[in-house]
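**Student:** Mind having a look at this structure? Questions to follow.
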Amino acid sequence: MRIAIIGCGWVGERLAKFLTGRNYHVIATTTSPEKIVPLQKVATEVHLLDFNSTIDFGFLASVDVAIFSMPIARNAWHEGFHKLDQEFPKTLLLSSTGVYPKENKVFTEEDTDDLRADIIASENLIRQKYPQTNILRFGGLMGDERALQNMFKNRTPENPGKLTNYIHYEDILPIVDLFIKSEIKAETYNIVAPEHPSIAEVLHLDSENTCEQKGRIISSEKLIQDFNYTFIHPNPKDF
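Here this note's numbering is used: the first residue of the sequence shown is 316, the next is one more, and so on.
Given below as structure tokens:
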């Protein structure tokens, strides 16, 4: 199976390595020439692709699955994206739970009011061109050097009682593989660890430095129910 990861950033590079290890033919793309050599270590093919300057998309011919992993909150690629002239049997878009309003409530995929304009514009653009696209909305990305302990190494969190909505990349990888193999189409899923401790709990702050826990919760119950998925890292305290 030929899989194209279009836009190999932090997640994309790890995903390329994971899928290559499972004997998929992985085509990785990047807009940065300096990323070509690192990506060649984890992908079968690596190509420069910038929607605003690339003319020939022939290297994407006969791709079975296209995974769109461009910066979801930036629209610089929107105009050039219309030039992409390849058809794909299956498509995934890696999006963000940042699309949901910053309100103290539980959000599910059924919530469609007051969504963040730039993110929803990107999601809609992909769906308009490729209606079959499954959209995976990731929580805050964690794993390796990405940890709350590192983020707050030299500063104190302003809102230690804020509830967390994170996802470890070691869960992202097998979840994406599930969608590669699945026949589900045109669905949206939140990909977030199912437990939501406060920042204070994750950082093991003293009780006098904590405050009332509050914040929004992004539910991943739809993923758990539809795929019977058990998270490798269900609690951000253990990342």
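Ideal Cβ positions, reconstructed from N, Cα and C, are used throughout, including at glycine. Here the structure is a predicted model, which means the values were calculated and not measured.
Quick check: what's the CA-CA separation for TRP392 versus LEU399?
**Tutor:** Those two C-alpha atoms are separated by around 11 Å.
**Student:** Per DSSP, SER513 forms a beta bridge with which residues?
**Tutor:** Bridge partners of SER513: LEU478.
**Student:** If distances are taken between C-alpha atoms only, which option among ASN465, ALA388, GLU424 and GLY336 comes closest to ALA358?
**Tutor:** If we check each option's Cα against that of ALA358, GLY336 comes out closest.
**Student:** At what residues does the beta strand (DSSP E) containing TYR445 begin and finish?
**Tutor:** Taken as a continuous stretch (DSSP letters only), TYR445 belongs to no beta strand (DSSP E), as it is neither H nor E.
**Student:** Please classify HIS511 as buried or exposed, where buried requires at least 16 other C-beta atoms within 10 Å of its C-beta.
**Tutor:** When all chains shown are included, HIS511 counts as buried.
**Student:** Taking the alpha carbon of LYS537 as the reference point, which residue from ARG452, ILE382, ALA432 and LEU440 has its own alpha carbon closest?
**Tutor:** Cα-wise, what sits closest to LYS537 is ARG452.
**Student:** Does the separation of the CB atoms of LEU488 and THR448 fall below 8 Å?
**Tutor:** No, the Cβ-Cβ distance between LEU488 and THR448 is not below 8 Å.
**Student:** Using the C-alpha atoms, what's the distance from LEU520 back to THR413?
**Tutor:** According to the sequence displayed, residue 413 carries Gly and not Thr. Each residue's alpha carbon lies about 26 Å from the other.
**Student:** Is the segment 458–466 in contact with the segment 421–430, if contact means three or more CB pairs nearer than 8 Å?
**Tutor:** Because the criterion of three Cβ pairs below 8 Å is not met, the segment 458–466 and the segment 421–430 do not touch.
**Student:** If you check the beta carbons only, do SER513 and PRO475 fall under 8 Å apart?
**Tutor:** The answer is yes: Cβ separation under 8 Å.
**Student:** Out of ASN390, GLN401, ASN338 and LEU364, which one is the CA nearest neighbour of GLU349?
**Tutor:** The option with the nearest alpha carbon to GLU349 is LEU364.
**Student:** Would you check if the distance between the CB atom of PHE554 and the CB atom of GLY454 is smaller than 8 Å?
**Tutor:** It is not a contact, given that the beta carbons lie outside the stated cut-off.
**Student:** Determine the direct distance from the alpha carbon of GLY327 to that of LYS500, and round the result to whole angstroms.
**Tutor:** Spanning the two alpha carbons is a distance of roughly 21 Å.
**Student:** Would you say the segment 316–325 touches the segment 378–387, given that touching needs at least three Cβ pairs under 8 Å?
**Tutor:** Yes: at least three Cβ pairs fall under 8 Å.
**Student:** Rounded to whole angstroms, what's the CA-CA distance from ASP263 to GLN401? Just pull it up for me.
**Tutor:** There is no way to answer for residue 263, as the model of the chain reaches only from 316 to 554.
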